[in-house]
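**Student:**
In this note's numbering, the protein residues as written are 2 to 118.
1) State the Cα-Cα distance for the pair residue 69 and residue 92, rounded to the nearest angstrom.
2) Suppose you measure from the CA of residue 80 to the CA of residue 59; what does that come to, to the nearest Å?
3) Which one or two residues does DSSP pair with residue 78 in a beta bridge?
4) Specify, as a first and last residue, the run of the alpha helix (DSSP H) that residue 17 falls within.
5) What does a CB cutoff of less than 7 Å around residue 30 pick up in its chain, not counting 5 residues either side in sequence?
6) What is the DSSP secondary structure of residue 64, reduced to helix, strand or coil?
7) When you compare only the Cα positions, how much space is there between residue 34 and residue 43?
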């Protein structure tokens, strides 16, 4: 098992978290791909037995990994993952837009994802 702390992960400071803003499926995904390729290249992982899995954003990353680098993964598990970013953006409730939540940013979906348009 390899657990990647891709850019944007929580617990490493606001600068590290912000490095993932508007980078879903881009550099955040590259962090996962690079980690898997490193594990294979250094003999820690069997390229014929690689699975990707995750929940919430991790589920999104699972689907992105299976789509962007299908040759890398044999299978994947998306558990409660985000699969429709425009819907996530539209459905974000006021409950999560309260000032002070997540460092005072008022609209997490707009800040972290960017406009879906």
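Glycine included, every Cβ here is placed at the ideal spot set by N, Cα and C.
**Tutor:** Working from what's here:
1) Between residue 69 and residue 92, the alpha-carbon positions lie close to 26 Å from each other.
2) Rounded to the nearest angstrom, the two C-alpha atoms are 8 Å apart.
3) Looking at the DSSP output, residue 78 sits in a beta bridge with 54.
4) Residue 17 -> alpha helix (DSSP H) spans 15-19.
5) Counting only Cβ-Cβ distances below 7 Å, and skipping sequence neighbours, we find 62, 65, 66 and 69.
6) It is helical.
7) Taking the straight line from one Cα to the other gives about 14 Å.
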